[in-house]
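Asker: Shown below is the structure under consideration.
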Amino acid sequence: MDEHNPSRRAALGALALGTAAAAAVTASTTTASASTPEEFTKRGSIAIGVVSGVPPFGIVNERGEASGYDVDVANLIAKYMGVKAEITALAPPARIPALQAKRVDLLVATLGPTPERAKTIVFPMPYSAFRMSIMGSNDLAAKSLADLAGKRVAVPRGSPQDTTLTRMAMPGTNIVRFDDDAICAQAVFSRQVDAAALPDTTVNQILGQNKGANAELKFAFALQPNSMAVRKDQMELHQWLNNTIWFMKNSGELDEISKKWLNAPLPELPVF
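Structure (structure tokens):
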């Protein structure tokens with residue numbers, strides 16, 4: 003398995019635009035100082051980091067504003083807390099550093115709750131999920147991971163797809179790491195790689211934006227639950243989030259958001 007950093011990164015429709023615009027879409031620059039629900043209520047706001055460049059979870063709309071699945075969930079969290087949501091859009095590599103640096107109070111940013119990440123941050127129970135899928139060139143005959151032996155498969159570096167595929171891949175699979183989903187997809191289009199491991203939602207968005215591209219969704223290989231994240235000194239907030247996520251699941255509100263953005267009901271999610 004090798005590492006590969008392309009020097010030329012082609013833009014890929016709105017997906018790449020969303021990633022590039024992430025730094026510009028910031029609703030607040032306030033340093034996060036409160037840590038408990040009571041303190042946020044007194045302050046009247048909570049700074050929430052959302053992902054950008056991962057449609058439909060995090061996108062930039064035509065007005066240059068953060069939008070998507072995670073923004074809807076973030077606003078719902080703020081509603082239940084009775085405060086204003088100050089939304090900051092973050093590129094995937096910037097999510098955890100922003101939380102640790104207290105630039106945001108909370109992440110609602112399509113984070114996979116991996117053991118490695120849990121060493122430094124705390125995850126409430128999952129609030130959403132996507133299927134990890136393989137997108138490959140049209141002429142690639144692949145129906146399972148076994149068919150990828152001897153093939154070059156792109157993954158976003160450090161992502162849940164990276165971790166999961168590295169663990170599940172058949173011997174001989176050549177995993178090639180790039181910086182984000184858009185670059186992985188572009189590598190498939192340009193035939194730098196044979197396939198890419200991406201969220202099914204992202205694959206559908208990419209193929210919808212690139213009609214006639216030499217690529218298609220081949221198969222799904224794992225379900226990825228997504229969690230919010232807080233710092234280790236925010237255990238009161240963590241417990242409040244667990245209670246609130248449970249309530250939003252049972253009220254049907256998370257199911258409504260899933261149907262709105264994914265055209266599918268909320269799947270069965272793990273509880274921890």
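Numbering (my numbering), first residue to last: 3 to 274.
Glycine included, C-beta positions come from ideal geometry on N, C-alpha and C.
Suppose you measure from the CA of K262 to the CA of S130; what does that come to, to the nearest Å?
Answerer: Cα-Cα distance, rounded: 13 Å.
Asker: M127 by DSSP, collapsed to three states: which one?
Answerer: Coil, per DSSP.
Asker: Grab the span of the beta strand (DSSP E) containing G51 for me, first residue to last.
Answerer: Residues S47 to V53.
Asker: Please classify S69: does DSSP put it in a helix, a strand, or coil?
Answerer: Here S69 sits in strand by DSSP.
Asker: To which residues of the same chain is E255 closer than 8 Å at the C-beta, ignoring the five residues directly before and after it?
Answerer: Excluding residues within five positions, the ones whose Cβ falls inside 8 Å are L78.
Asker: Ordered along the chain, which non-local residues of its own chain (more than five positions away) have a Cβ less than 6 Å from that of Q236?
Answerer: Counting only Cβ-Cβ distances below 6 Å, and skipping sequence neighbours, we find S37.
Asker: Between which two residues does the beta strand (DSSP E) containing V157 stretch?
Answerer: Per DSSP, V157 belongs to the beta strand (DSSP E) from R154 to P158.
Asker: Please report how far the alpha carbon of L271 lies from the alpha carbon of I259, in whole angstroms.
Answerer: Using only the alpha carbons, I get a separation of about 15 Å.
Asker: How long is the line joining the alpha carbons of L147 and Q241, rounded to whole angstroms?
Answerer: Whole-angstrom Cα-Cα distance: 38 Å.
Asker: Identify, in the order they occur along the chain, each residue of the same chain with its Cβ nearer than 6 Å to the Cβ of D183, setting aside the five sequence neighbours on each side.
Answerer: Excluding sequence neighbours, D183 sits near P158, L200 and T204.
Asker: Is it true that the region 187-200 meets the region 128-144, where meeting means three or more beta-carbon pairs spaced less than 8 Å apart?
Answerer: Enough Cβ pairs lie closer than 8 Å, so yes.
Asker: Rounded to whole angstroms, what is the Cα-Cα separation between E40 and M170?
Answerer: So the two alpha carbons sit approximately 44 Å from each other.
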